[in-house]
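Mapping of the sequence shown onto numbering that gives the first Met the number 0: residues 0 to 907, in sequence order.
In what follows, a structure is listed as structure tokens, so that the remarks can point back to it.
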Amino acid sequence: MSIRNLRALFQPASVAIVGASERPCAVGAHVLSNVRAAGYAGKIYAVNPKHCVVRGIPCYPDIASLPAAPDLAVICTPAATVPGLIAELGAKGTKAAVVLSAGLSAATVAGGALRAAMLAAARPHLLRILGPNCLGVLIPGLGLNASFAPAMALRGRLAFVSQSGALATAVLDWSNSRNIGFSHFITLGDSADVDLGDVLDYLSDCGDARAILLYVESVTAARKFMSAARRAARNKPVVVVKAGRAAEGARAAATHTGALAGSDIVYDAAIRRAGMLRVDTTDELFGAVETLARARPLRGDRLAIMTNGGGAGVMATDALVRGGGTLAPLDPATLDALNAVLPATWSHANPVDIVGDAPVSRYVEAMDILLRDRGSDAVLFLHAPTAIVPSEDIAAALQSAIVAAPRNVFASWLGGDAVSHARKRFRRAGIPTYDTPEQAVDAFLYVVEYQRNQALLLETPSSDGGETTGNPEQVRAIVAGVLAAGRTMLADSEAKAVLAAYGIPVLETRIAADAEQAVACAAALGYPVAVKILSSAISHKSDAGGVALDLETADQVRGAVRAIVRRTGQLRPDASIEGFIVQKMLRRPHAHELIVGASVDAVFGPIVLFGHGGTAVEVVADRAVGLVPLNEPLARDMVARTRVAALLAGYRDQPAIDHVALYRVLMQVSRLMCDIPEIVSLDINPLLADAGGVVAVDARVGVARHAGLATDRLSILPYPAALEERMPWGDSTILIRPARPDDEARYARFFTALTPDDVRRRFFGMIGQLQHRELARMVQLDYDREMAFLAIRKDADGAACVLGEARAIADPDLESAEFALMVRSDLKNRGLGTLLLTRLIRYCAGRGMGSLWGTVMGDNVAMLELARRCGFGAQSQGMGSEVLIRLALNSADIGPVQPLAVDPVYVR
Numbered sequence: 000m001s002i003r004n005l006r007a008l009f010q011p012a013s014v015a016i017v018g019a020s021e022r023p024c025a026v027g028a029h030v031l032s033n034v035r036a037a038g039y040a041g042k043i044y045a046v047n048p049k050h051c052v053v054r055g056i057p058c059y060p061d062i063a064s065l066p067a068a069p070d071l072a073v074i075c076t077p078a079a080t081v082p083g084l085i086a087e088l089g090a091k092g093t094k095a096a097v098v099l100s101a102g103l104s105a106a107t108v109a110g111g112a113l114r115a116a117m118l119a120a121a122r123p124h125l126l127r128i129l130g131p132n133c134l135g136v137l138i139p140g141l142g143l144n145a146s147f148a149p150a151m152a153l154r155g156r157l158a159f160v161s162q163s164g165a166l167a168t169a170v171l172d173w174s175n176s177r178n179i180g181f182s183h184f185i186t187l188g189d190s191a192d193v194d195l196g197d198v199l200d201y202l203s204d205c206g207d208a209r210a211i212l213l214y215v216e217s218v219t220a221a222r223k224f225m226s227a228a229r230r231a232a233r234n235k236p237v238v239v240v241k242a243g244r245a246a247e248g249a250r251a252a253a254t255h256t257g258a259l260a261g262s263d264i265v266y267d268a269a270i271r272r273a274g275m276l277r278v279d280t281t282d283e284l285f286g287a288v289e290t291l292a293r294a295r296p297l298r299g300d301r302l303a304i305m306t307n308g309g310g311a312g313v314m315a316t317d318a319l320v321r322g323g324g325t326l327a328p329l330d331p332a333t334l335d336a337l338n339a340v341l342p343a344t345w346s347h348a349n350p351v352d353i354v355g356d357a358p359v360s361r362y363v364e365a366m367d368i369l370l371r372d373r374g375s376d377a378v379l380f381l382h383a384p385t386a387i388v389p390s391e392d393i394a395a396a397l398q399s400a401i402v403a404a405p406r407n408v409f410a411s412w413l414g415g416d417a418v419s420h421a422r423k424r425f426r427r428a429g430i431p432t433y434d435t436p437e438q439a440v441d442a443f444l445y446v447v448e449y450q451r452n453q454a455l456l457l458e459t460p461s462s463d464g465g466e467t468t469g470n471p472e473q474v475r476a477i478v479a480g481v482l483a484a485g486r487t488m489l490a491d492s493e494a495k496a497v498l499a500a501y502g503i504p505v506l507e508t509r510i511a512a513d514a515e516q517a518v519a520c521a522a523a524l525g526y527p528v529a530v531k532i533l534s535s536a537i538s539h540k541s542d543a544g545g546v547a548l549d550l551e552t553a554d555q556v557r558g559a560v561r562a563i564v565r566r567t568g569q570l571r572p573d574a575s576i577e578g579f580i581v582q583k584m585l586r587r588p589h590a591h592e593l594i595v596g597a598s599v600d601a602v603f604g605p606i607v608l609f610g611h612g613g614t615a616v617e618v619v620a621d622r623a624v625g626l627v628p629l630n631e632p633l634a635r636d637m638v639a640r641t642r643v644a645a646l647l648a649g650y651r652d653q654p655a656i657d658h659v660a661l662y663r664v665l666m667q668v669s670r671l672m673c674d675i676p677e678i679v680s681l682d683i684n685p686l687l688a689d690a691g692g693v694v695a696v697d698a699r700v701g702v703a704r705h706a707g708l709a710t711d712r713l714s715i716l717p718y719p720a721a722l723e724e725r726m727p728w729g730d731s732t733i734l735i736r737p738a739r740p741d742d743e744a745r746y747a748r749f750f751t752a753l754t755p756d757d758v759r760r761r762f763f764g765m766i767g768q769l770q771h772r773e774l775a776r777m778v779q780l781d782y783d784r785e786m787a788f789l790a791i792r793k794d795a796d797g798a799a800c801v802l803g804e805a806r807a808i809a810d811p812d813l814e815s816a817e818f819a820l821m822v823r824s825d826l827k828n829r830g831l832g833t834l835l836l837t838r839l840i841r842y843c844a845g846r847g848m849g850s851l852w853g854t855v856m857g858d859n860v861a862m863l864e865l866a867r868r869c870g871f872g873a874q875s876q877g878m879g880s881e882v883l884i885r886l887a888l889n890s891a892d893i894g895p896v897q898p899l900a901v902d903p904v905y906v907r
């Protein structure tokens with residue numbers, strides 16, 4: 000629903016336990032005991048008509064009898080009573096409830112489901128519900144244990160959110176035994192109201208939570224989840240354990256990519272896209288967050304290993320390579336420096352084995368050299384105890400240099416009592432320290448993966464790559480004809496026409512009805528040719544014996560047609576033959592066979608696939624998946640995550656492929672899936688790629704009817720090109736359009752054109768030049784919740800430049816939005832601010848937002864006057880140095896509202 004009234008759930012000043020009991024085994028008895036035992040300082044109410052006093056506190060017969068409305072109610076009564084209790088609590092003024100009761104989804108009352116009745120009772124009062132069928136919520140900072148958990152969580156800075164109550168109790172016991180504390184410990188149960196997205200939105204701004212840990216079984220509201228997850232991951236580490244890694248097994252599908260819909264690989268893509276980190280176990284969950292909390296930013300993924308024993312180095316190297324990491328090639332200057340301080344028997348390579356008889360000075364000298372090595376990005380220190388020198392002496396000697404180093408050092412002290420003091424010293428100093436080499440390597444790889452995911456949130460597409468293009472009207476006409484004919488798969492020629500309409504190079508194809516027409520087509524195309532079966536019943540032609548290649552003569556074409564008919568009749572007697580596809584054989588000896596596909600996931604909507612193609616695509620299983628929309632950095636990341644990427648980069652006499660052409664195909668397929676909601680699956684296999692470009696040889700496209708807007712199925716909204724508008728300004732025309740990721744450089748130039756006083760008024764203080772992280776955040780918008788309209792005009796050199804901006808960031812409920820306005824300093828008092836603010840007001844009203852508000856410095860007279868003219872009310876804050884301005888959009892005189900029934904068109 001939203002984050003409304005979640006403060007009452009997570010920061011209640013009073014709590015009522017409905018169903019409080021004296022019976023030792025009753026849930027209400029456990030909850031009341033937990034609330035009292037945890038040290039909660041707020042008011043506690045007990046509600047039960049059977050008692051006047053429960054466990055020493057007054058007990059009220061019903062909700063109406065309570066002396067005041069509790070902020071939070073914990074309901075421990077049978078399922079049938081819950082809707083009525085929710086209605087009573089809402090009428091009393093309570094704003095949040097934890098429903099521990101199970102069975103609401105299955106049970107019915109008065110002909111309807113109890114769950115629906117519960118939500119209907121809560122809706123008029125905006126009462127928020129955690130659960131039902133949950134363990135409850137624990138807020139250690141408040142001393143609140145509103146649950147029937149067997150123990151109280153320790154106080155800490157980690158927020159834990161779980162969709163499983165059983166898993167939560169295990170984590171609670173595990174963490175208490177390891178002295179790990181929490182700011183919040185939340186179980187969601189059935190998530191009838193409050194879900195993952197709501198909690199992520201709340202915790203994103205919660206200062207008590209340093210990091211967020213999630214145990215996820217499934218996601219329902221994907222767009223809300225992705226918006227909340229991306230927002231949270233920009234503010235703090237978010238680490239996820241997603242249940243269900245194991246494959247469910249291959250299933251039949253019309254396209255290779257279609258078989259991946261609903262698979263775990265899509266959750267991987269969503270977690271990566273949101274900038275979060277996925278791990279596999281509870282141990283890894285806490286290990287990862289502790290590592291991320293201590294780790295410095297990485298420059299890259301090259302690891303140098305320093306060890307006093309060769310075996311430990313080999314173990315670490317094996318773990319690194321298995322995990323996809325990179326063993327750093329040490330710089331020649333580093334090797335020379337190490338040769339000067341290490342004995343002749345050292346390893347002379349990475350891992351750097353300083354030999355088991357090393358004194359303390361050798362450790363210090365070797366570490367100092369590796370910390371300055373230009374060929375590596377982080378150092379892994381491994382030590383096994385020896386009789387030469389106590390391990391704690393080595394830790395004491397290394398500690399200060401490691402703490403002061405600008406790069407990450409991960410440590411593993413192998414052993415037990417002999418290294419325990421050294422291990423404790425490193426941990427107290429904040430140095431990431433692990434019991435085994437494998438754990439240390441995993442920690443390094445977590446940081447690598449996490450920072451790669453974070454980088455994708457901040458990476459800006461190149462401005463010279465050109466916008467993606469497409470002809471959606473042509474494709475809609477093709478698809479409409481196919482659906483009108485009652486078909487769900489496009490013919491080969493239709494599929495090729497769809498690809499061509501979106502600028503994807505396709506192999507010229509002719510369709511023949513029989514052998515003689517196939518010969519005529521071959522002559523027109525030029526030999527050699529390939530002949531393939533045309534049958535709507537056959538998805539994969541080669542599997543049915545329906546492909547013949549390298550045909551050089553007319554007789555060979557005739558013979559191939561006869562052979563295809565014979566083989567298909569034997570292998571697929573149920574399939575009717577509608578004709579034959581004739582294509583010219585491509586002579587591209589260095590071309591790689593790739594696959595590019597698309598499908599619609601039941602949770603996250605359209606996805607794009609890339610990988611190693613050809614007939615063995617399922618066997619090779621080398622693939623990467625990304626959520627649409629894609630831009631160039633995201634397409635580049637997809638390619639880099641496959642094994643075939645190493646081949647595409649070139650080797651020996653094999654030149655590198657045209658990567659830009661490949662990225663463009665991925666982006667074009669992404670746009671196609673954004674524009675045409677009737678397309679449900681697509682395969683380009685093979686897509687041939689070499690230094691000369693790419694070409695689609697075969698394509699399969701599946702379609703189905705779709706009701707609603709194209710954006711309805713998207714979990715991330717694309718760039719809304721439909722909002723672009725050319726408007727008169729003075730004696731010229733300017734383009735007012737939403738900001739997009741490739742505006743970063745333009746925005747940086749715009750910022751430099753502001754006077755220091757304008758910067759102070761916009762950002763409420765003096766700031767230096769905006770850095771990449773800040774600039775990226777200004778132009779990479781979540782179009783579901785944010786909007787920034789830029790005024791664009793070409794300068795004398797023909798380059799587009801930003802003249803001003805008006806932006807709004809809505810709360811997750813879209814109830815209100817905070818806005819900001821900025822105009823280039825040399826262009827003020829020319830009506831541009833009025834133009835931009837009016838455009839923003841109309842957009843926000845069109846989205847159904849209730850109000851627009853902002854804070855203005857008291858000396859910003861021009862902005863205050865503009866706000867007054869646009870209908871804003873003003874209220875001084877504090878000593879009058881700041882003024883709060885607010886506009887009620889539902890009553891504002893704003894003129895025609897921008898229609899939103901038009902789909903945003905994906906551009907980049």
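All residues carry an ideal CB built from backbone N, CA and C; glycine is no exception.
All figures in this text were calculated on a predicted structure; none of them were measured in a lab.
Query, Result
"Return yes when the Cβ of residue 556 is within less than 9 Å of the Cβ of residue 517, no when it is not.", "yes"
"Sort out for me which residues DSSP pairs residue 819 with in a bridge.", "806"
"Which value, in whole angstroms, describes the spacing of the CA atoms of residue 864 and residue 819?", "15 Å"
"Write down the C-beta distance between residue 2 and residue 266 rounded to the nearest angstrom, noting that I regard them as a contact closer than 8 Å.", "The Cβ separation is near 24 Å, so there is no contact."
"Should residue 338 go down as buried or exposed, given a rule of 16 or more other Cβ atoms within 10 Å for buried?", "exposed"
"Return the chain-ordered list of same chain residues with a C-beta closer than 7 Å to the C-beta of residue 175, the five sequence neighbours on each side being excluded.", "150, 153"
"Taking residue 85 as part of the alpha helix (DSSP H), name the residues at either end of that continuous run.", "81 to 91"
"Given residue 375, which residues of its chain have a CB within under 6 Å of its CB, disregarding the five upstream and five downstream residues?", "301, 303, 327"
"Work out the CA separation of residue 158 and residue 14 for me, nearest whole Å.", "21 Å"
"I believe residue 888 touches residue 861 by the beta-carbon criterion, under 8 Å. Please report the beta-carbon distance rounded to the nearest angstrom.", "With a Cβ gap of about 23 Å, residue 888 and residue 861 do not count as contacting."
"Using alpha carbons as the reference points, say which of 629, 662, 641 lies closest to residue 670.", "629"
"Going by the DSSP bridge assignment, what does residue 732 pair with across the sheet?", "727"
"Excluding five sequence neighbours on each side, which residues of the same chain lie with their C-beta closer than 6 Å to the C-beta of residue 10?", "none"
"Counting Cβ pairs, one atom from each stretch, are 3 or more of them under 8 Å apart for the segment 333 to 349 and the segment 358 to 373?", "yes"
"Can you give me the Cβ contacts of residue 4 inside the same chain, cut-off strictly under 8 Å, excluding the 5 residues immediately before and after it?", "94, 95, 125, 126, 127"
"Does residue 779 come out as helix, strand or coil in the three-state DSSP assignment?", "coil"
"Going by other Cβ atoms of all chains shown within 10 Å of its Cβ, with 16 needed for buried, is residue 56 buried or exposed?", "exposed"
"Who pairs with residue 881 in a beta bridge, going by DSSP?", "856, 876"
"Decide if residue 993 is buried, meaning its Cβ has at least 16 other Cβ atoms within 10 Å, or exposed.", "Because the chain spans 0 through 907 in this model, residue 993 falls outside it and cannot be assessed."
"Select from 699, 658, 719, 827 the residue whose C-alpha is nearest the C-alpha of residue 691.", "658"
"Compare the C-alpha of residue 16 against each of 143, 506, 116 and name the closest.", "143"
"Give the secondary structure of residue 828 by DSSP, where H, G and I count as helix, E and B as strand, and everything else as coil.", "coil"
"Within this structure, are the beta carbons of residue 104 and residue 77 separated by less than 9 Å?", "no"
"Identify whether residue 931 lies in helix, strand or coil by the three-state DSSP scheme.", "Because the chain is modelled from 0 through 907, residue 931 falls outside the range shown and cannot be assessed."
"Within its chain, find whatever has a CB closer than 7 Å to the CB of residue 475; leave out the 5 residues flanking it on each side and keep chain order.", "675"
"Whole angstroms are fine: how far does the CA of residue 807 sit from the CA of residue 18?", "45 Å"
"Below 7 Å CB to CB, which residues in the same chain sit around residue 426 once its five sequence neighbours on both sides are set aside?", "432"
"Counting only the same chain and skipping the five closest in sequence on each side, list residues whose C-beta sits under 7 Å from that of residue 584.", "527, 528, 529, 548, 549"
"Please classify residue 766 as buried or exposed, where buried requires at least 16 neighbouring CB atoms within 10 angstroms.", "exposed"
"Within 10 Å of its beta-carbon, does residue 333 have 16 or more other beta-carbons around it, so buried, or fewer, so exposed?", "buried"
"Quick one: what's got a C-beta closer than 8 Å to residue 136's C-beta in the same chain, skipping five residues either side?", "8, 9, 97, 129, 143, 145, 146, 183, 184, 185, 186"
"Give me the DSSP bridge partner(s) of residue 786.", "807"
"Going by Cα to Cα distance, which pick from 677, 6, 665 is closest to residue 683?", "665"
"Which residues does DSSP pair with residue 597 in a beta bridge?", "607, 681"
"Name the two residues that bound the continuous beta strand (DSSP E) containing residue 549.", "546 to 550"
"Select from 204, 791, 741, 273 the residue whose C-alpha is nearest the C-alpha of residue 451.", "273"
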